[in-house]
Structures are given as structure tokens and as C-alpha cells.
Amino acid sequence: MHKSTPPLTALALLLAFGLQVAPAHAQLSRTFVSAATGSDGNNCDRSTPCRTFQGAHDKTNDQGEIVVLDPGGYGSLTIGKAISIVNDGVGEASILVSGSATGITVIASGVSDINLRGITVQGIGFGGGNGLLYTAGRSLTITNCVFRNLTGAGNSGNGIVFAPANGTAYLAVIDTLVADNGGFGIEVQPVAQMNANVALRRVNILNNGADGLVLNGAQNSGTVSAMMVESATARNGGNGIFIHTDANRAAVELMALRSTITRNGGNAFVVSNSPNARMFIGQSSVIDNAFSWDATGGAALFSFGDNEVARNSGDRPMPTAPPI
Amino acid sequence: MIKSTTPLTALALLMAVGLQATPARAQLARTYVSVAGNDGSTCERPTPCRTFQGAHNKTADQGEITVLDPGGYGAVTITKSISIINDGVGDAGPLVSGGATGITIAAPPGSNVNLRGITVQGIGFGGGIGILFNSGGSLTIDHCVVRGLTGDGNTGRGIVFDSTVAGTPSVSVLNSLVADNAFYGIHVLPHASVNATLLVRGVEMIHNGAAGLFVNGVAAVGTINATMADSFSANNEEGVFVFSNSGGADTHLTVLRSALANNSNVGLAVTGGPNASLLLGQTGVSGNKVGAFNLADGAVLQSFGDNYFDFGNTAVRFAVIPRS
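As you go down the protein sequences, you meet chains A and Z in turn. Each residue of the first sequence is one higher than the one before, starting from 21 at the first, in the numbering used here. Each residue of the second sequence is one higher than the one before, starting from 212 at the first, in the numbering used here.
Now the structure itself:
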């Protein structure tokens, strides 16, 4: 190991090649975790992996990546930098949640982009907790993950809570299951002056105790803008989708396309409680919910006229906006 | 080892069943890479190579490189027909820094290149380009992730289709994530006389600093035909952008069954003149600062009349092609 500082270009070349130049105490740009052979006393390199996500996170460069090597539990973590955690099919890599804890907490800087792939966050009772809580950062992209069985009282029991506190934040959830949680499936509730942008694709929000998808602008004064495609909210105890804001609070908008809303215990979807709340829905099926749609307080609902709505109590035509 | 020349049919048979007929120093049709490998090896199954480049150089034209285990395999320049496959053994692929490029395709016309299951991850330190197509017949990118590329605009791009050789190049991006790049997610910018084809299907372009997909014909002559289907371009600056001028290629993009959401500038834009055209069908456009944009410069914006726009976008005038 050379202790002298390598020239930047040589360093960059080596990094590009995937070989790590590690001066004493330096962090790696790609680290590894193994439940079978890892130890957090290691440097988290390929042949000497760490044991936990937190251990690896703390030894990974900003903008770096943590690679899961084998199945097992990797513990809860708090993310404080731009990082990507990837399990690409080596077996279940999970975080068990209990005791009102949170599986993954994101509190990063305003230029931090965070990526999670192939991670299972599983509540196991014993006081439960939340699956994921995002309060600061720039963007979070979740693909091929599972958030389920989070339980607990108060603010616990939610699958994904996206509650950024300032600036503009971006959430994308793709190919992910959010199920069997005691509270909300996915709750988007920014606080303060905040613009939240949400993209959901092929997300299944199933069998949660409260509402499936919540977009709440009542705690902030910016905007909440969401699009949901090819997704489902089904058999949740509350509403399939709940969109809410108050007068003089953030404008909240959802467009739902090619999605399925079925067997929810409340309304299929509710848009409330001011004209700042609006929802557009197209090519979707709204069937067998306890109650049909509702729009209150001047909130706007527009159908593109090509949805399949049936077998919900209180079904009636939706206002329509023509496709163009 | 038989040193005499094997009859061609027998050789083909052996290769077809995965057995290598290898005269001295001949290249293999299937090679392997492992983080336990060594580029001094033959790259056969029990003696894998260490890097993509090492294996590439020892693989016969039309051959395949198989990834054996998770880790970094370095940047690679591809100069022949080849397939690099990671079929779920764990996260594998190059880290990119120092203004370098993760995977460069500089192959002869007629060559076909296939990439599957590869992660190309920018790690800062000067950034770079994720995947760059310079020359070749076709490139197929399936189940890959290209994210976090930073840089100055030349760098900072995820996937670049920059054909520098005249011909009929084709790039397909399938079932992949292109996210968090500082500039364009997918950038089509040929510099030659081409009849070029781009297919983007099942792709999420998320939170890139410029357009999620930019099809630019200004540096080429001939035609560029691009199709984006069943894809999601969200949280970028522009969702999709098409540009060409009177000296450029006839440049067209069709967007089908896709979603363009929360883009900070515009959902879809086509400008430059009559050589630039965009056709939209069954696509949702929501939460963008501006939904659709075309200058009064002759650029063509067409619709099948079945797209879903939210408020603020209904003033857009599409030339409607009726469905039949």
C-alpha cells in the first residue's frame, strides 16, 4: 500500500477500473456486506466484507455503493450521504424492525441521491416501527424492495414515510411490495416549505391497516405532485388512496393510470379538503371497495372517461376530462 | 487437446454443448469473470478472468462473458460482437470516475452487442459516461442500472447513442433504470449519416439533471427513429426532448403507454423545425412545470387523441391522428 497520495488521474483510473486505492483510513467507493463472513471491523472490501449496512455505510464514500454478497439480516441503518445499496438477487437481504425503531432512516444533505434495490424491510412485532422514514436528502429511488408487517401504535406501523423538511425532494418507488403494515402503506407528508415529487410504478400496496397511499399537503406550503402507474392498492383497512390538503396549504395532485383499486375497507379514494387537492384517473379499475370515490371541500376529481368503476357502495359518475 | 484442425461441424457441435474446442491460444466462445479471477487465466469456468476487459479480449467474436459473482469488473471497451451476462448472481459492473466511460462500444458495423444485468455506477471524482455507443450494428441493454454519473455535460450522461460511423445502428434499452445522472439519462446524438433506431421499453428514467430521454438529430444526417413504450420518465428536467434542425437528421420519437411526470421544465418537448417530430399515444403527462411544448418553428407534435394531461396543459395543440 502506497502511503503517498496518488495523482488524481491515476486515482480516478484505478477507481474506474474498480480497483480501490485506499490510503490509510480512506473510504471505499464500493463496499460489500456479508452475513456469512462479514465483520464491521473490516474495511468492507470485497474479500473483507462488513457485517451490517450501517457498518458499510460508515465506510463508504459519498456517491458510493454497498453490494450485498449473500442472504441474511443486515440491521437497521441511518443513511447520511448519497449512497446505493444493492442486492441483485443473491437471496433475501433483510432488515428486521421491532421496538418502535425504523428500518431505514434517510437524513442526508440536499444534494444526496439515495438508491435502494432488492432490500426487504420486515416488521416482527415486539413494538413494531416504521419501514422507511425519509426526512432529508434530495432523492430516493426504491426498486425491487419489500416493506411489510410493520406494526405499532402512534406514528409506527407505516411502510414508507416520505416527510422531507425543506427544498425539493424526489421519491420513486418501482416494482415494490408494501403490505401487511398496521398503519399506512406509503405516506407522503412533507413539512414546511417543500416540493415533493413522487413517481410510483408497479407498486403493490396491499392489506395495510389504514389507508394504502396517503398524499398529505396540510403540513407544508409547497406542492406535492405524484403519478402512480400500473400499481394496485387493495384490501387496505382505510381508503385505497387518500389525498388531502387544506386551504392555503400545499397543492396536492395525483394522476393514477392503469392501476387497480379494490377491496379497500374505506373509500376507493378520497380527495379533500380544498380546491388545492386534485386527482386524475385513467384506464384504471375501481371495484369492490366498501365505498366509492369522494371529493370534498372543493377538491377536484377528473376521470378520463375510460375507467372501470363498479360494485362500490355509492357509485356515481365521475366528472370527466377528455384525453387529448 | 487435438491440435489438428477439427472439422467445422464437429467444432460447432462442441461449442454448442458448451465444450470448448480450443486450439492453442484460440479464443473461447464462452468466458467467465470472477472477483477471484485473474486476467492471466484463460477465462474458462474453473480459471475465470478478473475483469470484463480481460475476458473480452479472450472471447471470440459472437461469444459470451458470464459473471460468476458480485463485485467490480472494471470499465470495458467492446470491439466485437459479444454478450456480457449477469443473470442474478449479485450486483456486478463498473464504477465510473475521472471522466471515464463505464462501457464503450466501438465495434464494426454488423456486430451485435448485448449487456444484461450490469450496474454502471458513477461515484463522483470527476464522473463520466455510463454506456457509450460509438459504433457497431446493434446494442441491447437489458435489466441494467445506469446511475449517478456526474460531470460537465459531456460527462454526466447515463446512456449515450453517439454513432460516429455511417450505417444503420440500433440501440435498445429494456427493463432498466437510468437515474440520478447529472445531465441526460439517455442521449441520442449520432455524428454521422445514419438510419438509426432507438427502442426504449420498460425503462424508468428518474431524476436526471437534464432530459430523461433526449433525441437530437442536429449532428447527423439521414433519419433517427426512436420509440419509447411502457416507460416512465419522471423527476427530470425534461421528460422527453426531441430536437433537429434543417441541416440535421429527420428525427422522430413515438411515446406510447408511458408516463411523463414531475419534470421541472417540461414533460415533452419538440423543437428545431420540421425535421423534429414527436407522436404521443396512451401516455400520462402530469405534474410537470409545462406539460407539452413545441415552438412555432415547424416542429411536429402529434397525438392519437388518447393521452392524459393534468391542469395547465390543456392549451397544447396536437395534430391528432385518429385511432383506427
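Using N, Cα and C, we set each Cβ at its ideal position, and we do this for glycine too. Owing to the predicted nature of the structure, the values given are computational and were not obtained by experimental measurement.
Boundaries of the alpha helix (DSSP H) in which residue i is found, first to last residue
i	result
N365(Z)	Looking at the DSSP string, N365(Z) is not in any alpha helix (DSSP H), and its letter there is neither H nor E.
H402(Z)	First-last for H402(Z): undefined, no H or E at that position.
D78(A)	73-78
Option in the options with minimal Cα separation from residue i
i	options	result
I397(Z)	N406(Z), S404(Z), V414(Z)	V414(Z)
A240(Z)	T330(Z), A266(Z), T288(Z), G433(Z)	A266(Z)
I314(Z)	R261(Z), Q332(Z), N505(Z)	Q332(Z)
S176(A)	I281(A), N201(A), V211(A), G111(A)	N201(A)
D314(A)	L197(A), H264(A), G257(A)	H264(A)
A472(Z)	N499(Z), Q264(Z), P485(Z)	N499(Z)
P184(A)	V166(A), V234(A), A173(A), A156(A)	A156(A)
N186(A)	Y154(A), D78(A), Q303(A), G258(A)	Y154(A)
R278(A)	V223(A), G179(A), S114(A), T171(A)	V223(A)
G310(Z)	G359(Z), V246(Z), Y243(Z), G304(Z)	G359(Z)
N447(Z)	G459(Z), A487(Z), V389(Z)	V389(Z)
Span separating the alpha-carbon of residue i from that of residue j
i	j	result
A42(A)	N81(A)	In this prediction, A42(A) has a pLDDT of 40, which is less than 50 and means its spatial position is unreliable; what the coordinates show is noted afterwards. Taking the straight line joining both Cα atoms gives about 11 Å.
T233(Z)	L220(A)	Its pLDDT being 48, under 50, T233(Z) is placed unreliably by the model, and nothing is read from it.
G341(Z)	N215(A)	29 Å
L35(A)	V399(Z)	Here L35(A) scores only 45 on pLDDT, less than 50, and its place in the model should not be relied on; the value that follows carries that caveat. Between L35(A) and V399(Z), the C-alpha separation is close to 27 Å.
A55(A)	I162(A)	22 Å
N217(A)	P259(Z)	45 Å
F73(A)	S96(A)	7 Å
D65(A)	I334(Z)	16 Å
F322(A)	V411(Z)	30 Å
S294(A)	A238(A)	10 Å
A44(A)	S59(A)	Its pLDDT being 41, under 50, A44(A) is placed unreliably in this model, and the value from its coordinates should be taken loosely. So the two alpha carbons sit approximately 19 Å from each other.
V376(Z)	A271(Z)	23 Å
N249(Z)	K291(Z)	22 Å
I352(Z)	T408(Z)	14 Å
V290(A)	G450(Z)	29 Å
T122(A)	I134(A)	17 Å
I206(A)	G348(Z)	44 Å
A235(Z)	T253(Z)	Its pLDDT being 44, under 50, A235(Z) is placed unreliably by the model, and the measurement read from it follows with that caveat. Answer to the nearest angstrom: the Cα atoms are 11 Å apart.
A330(A)	I281(A)	11 Å
V117(A)	D195(A)	22 Å
I329(Z)	E85(A)	14 Å
A297(A)	G61(A)	51 Å
S251(A)	S129(A)	30 Å
L160(A)	A237(Z)	47 Å
Q47(A)	E255(Z)	33 Å
Extent of the continuous beta strand (DSSP E) run through residue i
i	result
H463(Z)	461-467
N268(Z)	N268(Z) -> not in any beta strand (DSSP E); alpha helix (DSSP H) instead, spanning 263-268.
F167(A)	166-168
Q142(A)	139-143
H418(Z)	Segment: none, H418(Z) is in no beta strand (DSSP E) and carries neither H nor E.
R50(A)	48-53
V429(Z)	No beta strand (DSSP E) holds V429(Z); DSSP gives it neither H nor E.
R358(Z)	356-358
Q494(Z)	Looking at the sequence provided, one finds Thr at residue 494(Z) rather than Gln. First-last for T494(Z): undefined, no H or E at that position.
Q513(Z)	511-514
S176(A)	Here S176(A) belongs to no beta strand (DSSP E), and DSSP marks it neither H nor E.
Per-residue contacts from residue i into chain A (C-beta, under 7 Å)
i	result
G520(Z)	The amino acid at residue 520(Z) is misidentified as Gly; the sequence shows Phe. Under the 7 Å cutoff, chain A gives I344.
F529(Z)	I344
A470(Z)	M247, V249, L277
V501(Z)	None at all; the shortest Cβ gap to chain A is about 13 Å.
Proximal chain A residues relative to residue i, where beta-carbon distance stays under 8 Å
i	result
R412(Z)	Result: empty, since nearest Cβ-Cβ is about 14 Å, beyond 8 Å.
I545(Z)	For chain Z, the structure presents residues 212 to 535; residue 545(Z) sits outside this window and is missing.
D517(Z)	P343
Residue i: contacting residues in chain Z (beta-carbon distance under 7 Å)
i	result
S54(A)	By Cβ distance, chain Z contributes nothing, its closest Cβ being about 10 Å from S54(A), past 7 Å.
N81(A)	I334
G84(A)	I334
L89(A)	P281, G301
F324(A)	Y519
Neighbour list for residue i in chain A, Cβ cutoff strictly below 9 Å
i	result
A445(Z)	Y190, A192, N217, V218, A219, R221, M247
S497(Z)	S245, A246, M247, E273, L274, M275, L277, F300
R358(Z)	S104, D133, N135, T161
Near the ligand MG: residue i beta-carbon under 8 Å from a heavy atom
i	result
G237(A)	Questions concerning the ligand MG fall outside what the structure shown contains, since it holds no ligand whatsoever.
Minimum Cβ-Cβ distance from residue i to chain B less than 9 Å
i	result
G364(Z)	In the structure shown, chain B cannot be found, because the protein chains are A and Z.
Legend entry - Near-chain Z residues of the segment 216-243 of chain A - C-beta to any C-beta below 7 Å: Result list: N217, A219, R221.
Inset, instruction - Could you name the residues of the segment 99-112 of chain A whose beta carbon sits closer than 8 Å to any beta carbon of chain Z, in the order they occur along the chain? - result: Going along the segment 99-112 of chain A in chain order, one finds A102, S104, V106, N107, D108, G109, V110 with a Cβ nearer than 8 Å to chain Z.
Inset, instruction - Could you list the residues in the segment 378-410 of chain Z with a C-beta less than 9 Å from some C-beta on chain A, going in chain order? - result: So the close ones are L388, A390, D391.
Inset, instruction - Could you run through the segment 182-210 of chain A and flag, in chain order, every residue whose CB is less than 7 Å away from some CB of chain Z? - result: Answer set for the segment 182-210 of chain A: Y190, A192, I194.
Inset, instruction - Mind checking the segment 479-491 of chain Z against chain A and listing, in chain order, the residues whose C-beta falls within less than 7 Å of any C-beta there? - result: For the segment 479-491 of chain Z, there are no residues whose beta carbon sits under 7 Å from a beta carbon of chain A.
Legend entry - Cβ-based contacts, 7 Å cut-off: residues of the segment 141-166 of chain A near chain Z: Cβ contacts with chain Z: S159, T161, T163.
Inset, instruction - Identify each residue in the segment 304-320 of chain Z for which the Cβ-Cβ distance to at least one residue of chain A is less than 9 Å, and report them in chain order. - result: From the segment 304-320 of chain Z, only G304, P305, L306, V307, S308, G309, G310, A311, T312, G313 have a Cβ closer than 9 Å to chain A.
Inset, instruction - Taking a Cβ distance cut-off of 7 Å, strictly less, list which residues of the segment 239-265 of chain Z are near chain A, in chain order. - result: Residues of the segment 239-265 of chain Z whose Cβ lies closer than 7 Å to any Cβ of chain A, in chain order: V246.
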